[in-house]
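Line order of the protein sequences matches chains D and B.
FYI, in numbering that gives the first Met the number 0 the residues of the first sequence are 0 to 173.
FYI, in numbering that gives the first Met the number 0 the residues of the second sequence are 0 to 579.
No residue lacks a Cβ here, since even glycine has one placed at the ideal position from N, Cα and C.
Working notes, structure below.
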Amino acid sequence: MGGYCNSPSSSIDSSCDPDLSTSSIFEQRRDLSTELRLGLSLSSSSLQHKYSHKEKDPLSDWPPIKPLLRSTLEGKAHQSNSETFFVKVYMEGVPIGRKLDLFAHNGYDDLIKSLGHMFRTTITCSHVSQVSLEKSHVLTYEDEEGDWMMVGDVPWELFLSTVKKLKITKVEKC
Amino acid sequence: MDRAFSWVAAFPDEVWEHTFSFLPTDADRNAVALVCRSWHRIERLSRRKIFVGNCYAVEPAAAVRRFPEVRAATIKGKPHFADFNLTITDWGGGAGRWIQSMAKGWPLLEELRLKRMVVSDDCLEIAARSFKNFRVLSLASCEGFSTAGLASVAANCRNLKALDLHENEVEENCINWISHFPESFTSLVTLNIACLDGEMNVSILERLISRCPNLKTLRLNHVTPLEKLVGLLHRAPQLVDLGIGMLIGEGHPGLFSKLESAFAHLKHLKNLSGIWEAGPLYLPAIYSICEGLTALHLCDSSIQTPELSKVVSRCKNLQQLWAMDLIEDDGLIAVASSCKLLRELRIFPSDPHGLAQPVYLTQYGLLAVSSGCVMLESVLYFCRQMTNSALLAIANNCPNLTCFRLCIIEPYTPDYITQEPLDAGFGAIVELCKDLRRLSISGLLTDRVFKTIGASANRLEMLSVAFAGDTDAGLHYILSGCKKLRKLEIRDCPFGDKALLDNADKLEAMRSLWMSSCSVTLGACRLLAKKMPRLNVEVIDENGGGSLESWPDDCHVEKLYIYRTIAGPRTDAPPFVLTV
Chain D
0 MGGYCNSPSS
10 SIDSSCDPDL
20 STSSIFEQRR
30 DLSTELRLGL
40 SLSSSSLQHK
50 YSHKEKDPLS
60 DWPPIKPLLR
70 STLEGKAHQS
80 NSETFFVKVY
90 MEGVPIGRKL
100 DLFAHNGYDD
110 LIKSLGHMFR
120 TTITCSHVSQ
130 VSLEKSHVLT
140 YEDEEGDWMM
150 VGDVPWELFL
160 STVKKLKITK
170 VEKC
Chain B
0 MDRAFSWVAA
10 FPDEVWEHTF
20 SFLPTDADRN
30 AVALVCRSWH
40 RIERLSRRKI
50 FVGNCYAVEP
60 AAAVRRFPEV
70 RAATIKGKPH
80 FADFNLTITD
90 WGGGAGRWIQ
100 SMAKGWPLLE
110 ELRLKRMVVS
120 DDCLEIAARS
130 FKNFRVLSLA
140 SCEGFSTAGL
150 ASVAANCRNL
160 KALDLHENEV
170 EENCINWISH
180 FPESFTSLVT
190 LNIACLDGEM
200 NVSILERLIS
210 RCPNLKTLRL
220 NHVTPLEKLV
230 GLLHRAPQLV
240 DLGIGMLIGE
250 GHPGLFSKLE
260 SAFAHLKHLK
270 NLSGIWEAGP
280 LYLPAIYSIC
290 EGLTALHLCD
300 SSIQTPELSK
310 VVSRCKNLQQ
320 LWAMDLIEDD
330 GLIAVASSCK
340 LLRELRIFPS
350 DPHGLAQPVY
360 LTQYGLLAVS
370 SGCVMLESVL
380 YFCRQMTNSA
390 LLAIANNCPN
400 LTCFRLCIIE
410 PYTPDYITQE
420 PLDAGFGAIV
430 ELCKDLRRLS
440 ISGLLTDRVF
450 KTIGASANRL
460 EMLSVAFAGD
470 TDAGLHYILS
480 GCKKLRKLEI
490 RDCPFGDKAL
500 LDNADKLEAM
510 RSLWMSSCSV
520 TLGACRLLAK
530 KMPRLNVEVI
540 DENGGGSLES
550 WPDDCHVEKL
560 YIYRTIAGPR
570 TDAPPFVLTV
């Protein structure tokens, strides 16, 4: 089990700004407890040094949570807080594909613009009004039933729920 | 003959049997069996339910022989700390010998519940074929089987009412195992497959649900898109317990009203569980059923406080709440003011290794709930800070606590404000909560807390201790006190030989003792084993292998598991487990 979105992200972003004084209290607490640890009776000090949270890798048996929860949370720790939805994009004739985060775009116009920059070509779809007839590529997508459809016919949200991958094909083929 | 007990013959056996059927606990029935031979005979022939807390405490064949008319059996295997990766793999807990004995001696068995055992597909097949009246199969925290085993259960158990799989590790090798339920099969009442990883064919599931009109509990697995959930819910409006699996979906806006309407049709829903990954915007779809909910388990979900608070404030009849610490103190304050019937609270850590920004869940949250929810009995709380005064207040607010498990994530954490150990706080808990049966302690703790627990925790049955105490005296206080103690599990504490040897008799009055990363030597284990023949003293050493016999007395024992048994040393122990 893990998040259904497998894409890596660059950083763990927090959506709320922590109160500065709270975070410094956390730091303070950790320092004070280190002092206390060293001051306690010698018989237990060897055991306490065995567990020093800062230096070691996280223990696989502490805190006491069940393996299913542990692995789900570890999977999530690699995701950022904001949702992403990366799909593969291929251009006809180019064997190596790219990946694009659809959630980072807010509509078809935005998407076309991004793809145009990514693949250095002009792209059309049924949503964009045909200003010039010299568009060389058209944007298509594979839906959940495996059919290849032209991008732009359905509302953006519906498109997001059915798209599996994108393909940029030459105009003459359509 | 029982001349001294001639009054027994005043009534026919059936009358005594009927009388015994009113005894609520197995302990009562055990006591009855000791009175005289006739009662022993009548009791054993009329015992219908058996609970075996440790599968190695008794030989399976002996148990089956003594109680030939059992219809429901519950058997537990590995120690509790096995849940947290503390035991080794292959330690044991195999269900095979039990299933074989039961298949021979209890052909009319109807219910089987196994916890923390290793169950093979063969076991499942034998069970499915041998028990003609099999009604309930419940496997919790088990491993060793695959969906092929489940397929044989589905195919052979014609009258199965419950298939309850709770947190098992199941190998997926039979994708459509659920299609092995024949078309004529309609008896299902409970289907809990939440722990299965593999994708389920939704249309087969829908057909199964449609033909089982008595289905009350349905806990889905894996990724459930919103549209699919809507379809399933429409086929089972009689559901009482729903697990949504991992609900995903950022679909079109029309889906919200469909989801809302599907939930609104569940007029009998009391339990809702699962992982809500569909985002906060869809959460209001469940508002209509909140008032009827008695249990809400939204663990692993990433819903934040504001949305969670809106949900819980509508759950006026909630008795059980399990949530992530993302609910924060504010969310718990909402719980305290809205959920006046709350009995059980469990809060799990969303960030157990402290890698992300800290979550605002502190002692205040638990304090608020203890103050607002007077019926609170059971607490499991993961947090990062606690104070003695909060614990004292909680104890005063909730003297009826029966289960208190507090895990302060960072070991040795003192009182957050005074920097003192948390002895006084936990002491207050055991002194004021006289019915406390289960306790887990954490944070900075000295021997003093153990003295208080030993003296005051008179009903305590299970105690979990980690990173606590100063000397052996701590363990001695526990073992010499705590009259009703049955299970004790300890890790990373400076407890050693003397306390164990001085309290050897106590160990036979308990079910089991687990100690890891403490200060126990092999010599003490040998002495203990010699002194107490009805204890199995298992020394677990991952590195040593089979050569433990030759090791000197003063060598340190890393993991120790002691349990009482009348079956002698077990024969299925792997090489790194030595029964001394």
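| Coil, strand or helix - S337(B) by DSSP | helix
| message | Please list, in chain order, the chain D residues whose beta carbon lies closer than 9 Å to that of C382(B). | response | Here the premise fails: no neighbours, minimum Cβ distance about 11 Å.
| query | W125(D) touches chain B at which residues, Cβ-Cβ below 7 Å? | reply | The residue you asked about is not Trp; residue 125(D) is Ser in the sequence shown. By Cβ distance, chain B contributes nothing, its closest Cβ being about 18 Å from S125(D), past 7 Å.
| said: Only counting the same chain, and skipping five residues up and downstream in sequence, which positions put a Cβ closer than 8 Å to that of G91(B)? | reply: Y55, G76, K77, V117, R569, D571, A572, P573 and V576
| said: I need the straight-line Cα distance from S301(B) to I247(B), nearest angstrom please. | reply: 12 Å
| query | At a Cβ threshold of 8 Å, is T83(D) touching chain B? | reply | no
| Hey, is S349(B)'s beta-carbon within less than 8 Å of any beta-carbon in chain D? | yes
| message | For L138(D), would you say it is in contact with chain C, using Cβ-to-Cβ distances shorter than 8 Å as the test? | response | Absent from the structure is chain C; the protein chains it does hold are D and B.
| query | Thinking C-alpha only, which one of K269(B), A61(B), T73(B) and R563(B) is nearest L487(B)? | reply | R563(B)
| request: Please name the residue or residues paired with Y89(D) in a DSSP beta bridge. | output: K166(D)
| request: Can you say whether P11(B) is buried or exposed, counting buried as having 16 or more other CB atoms within 10 angstroms of its CB? | output: exposed
| field | Coarse secondary structure for K77(B), derived from DSSP in three states | value | coil
| message | I'd like to check one pair, Y476(B) with K505(B): are the Cβ atoms closer than 8 Å? | response | no
| query | Terminal residues of the continuous alpha helix (DSSP H) containing K103(B)? | reply | G95 to G104
| message | Is L46(D) close to chain B? Criterion is C-beta to C-beta, closer than 8 Å. | response | Note on L46(D): pLDDT 42, under 50, position unreliable in the model; the coordinate value appears next. Yes, its Cβ sits closer than 8 Å to a Cβ of chain B.
| Do we get a CB-CB distance below 8 Å when we pair T121(D) with the residues of chain B? | no
| task | Check the Cβ-Cβ distances between K169(D) and every residue of chain B, and say whether any is below 8 Å. | result | no
| field | Length-filtered (4 minimum) alpha helix (DSSP H) runs lying within the region 307 to 384 of chain B | value | 327 to 337 and 362 to 371
| Measuring CB to CB, does P67(B) end up less than 8 Å from R96(B)? | no
| query | When we look at the beta-carbon of M90(D) and count the other beta-carbons within 10 Å, is it buried (16 or more) or exposed? | reply | buried
| query | Nearest-angstrom Cα distance between P493(B) and A472(B)? | reply | 9 Å
| field | Every unbroken beta strand (DSSP E) inside the region 494 to 560 of chain B [3 residues or more] | value | 511 to 520 and 534 to 539
| task | Measure the Cβ-Cβ separation of W484(B) and E460(B) and say whether it is below 8 Å. | result | It is worth fixing the name first, because residue 484(B) is Leu in this sequence and not Trp. A contact, by the Cβ cut-off of 8 Å.
| message | Please identify the residue among K163(D), S135(D), T168(D) and L159(D) whose C-alpha is closest to the C-alpha of E144(D). | response | K163(D)
| query | Is K114(B) buried or exposed, if buried means 16 or more other CB atoms sit within 10 Å of its CB? | reply | buried
| request: Flag this pair as touching only if the region 227 to 235 of chain B and the region 172 to 183 of chain B have three or more C-beta atom pairs under 8 Å; answer yes or no. | output: no
| request: Have a look at T18(B) and N457(B) and give me their C-alpha separation to the nearest angstrom. | output: 30 Å
| field | Cβ distance (whole Å) where L207(B) is taken to contact L238(B) below 8 Å | value | About 14 Å separates the two Cβ atoms, so there is no contact after all.
| message | Is there a Cβ of chain D sitting closer than 8 Å to that of N84(B), yes or no? | response | yes
| Where C122(B) meets chain D, residues with beta-carbon distance less than 9 Å | The premise fails here: C122(B) is roughly 22 Å from chain D at the closest Cβ pair, so nothing lies under 9 Å.
| query | What residues in its chain sit with their C-beta under 6 Å from that of H296(B), if we drop five residues either side in the sequence? | reply | S272 and W321
| task | Give me the Cα-Cα distance between L405(B) and S463(B), rounded to the nearest whole angstrom. | result | 10 Å
| request: Kindly indicate the opening and closing residues of the alpha helix (DSSP H) around P59(B). | output: P59 to R65
| Whose CA, out of P551(B), I489(B), N167(B) and P413(B), lies closest to the CA of L68(D)? | N167(B)
| said: Which residues in chain D have a C-beta closer than 7 Å to the C-beta of C481(B)? List them in chain order. | reply: Simply none; closest approach about 21 Å.
| Taking the alpha carbon of T161(D) as the point to measure from, which residue in W147(D), L110(D), W61(D) and K98(D) has its own alpha carbon closest? | W147(D)
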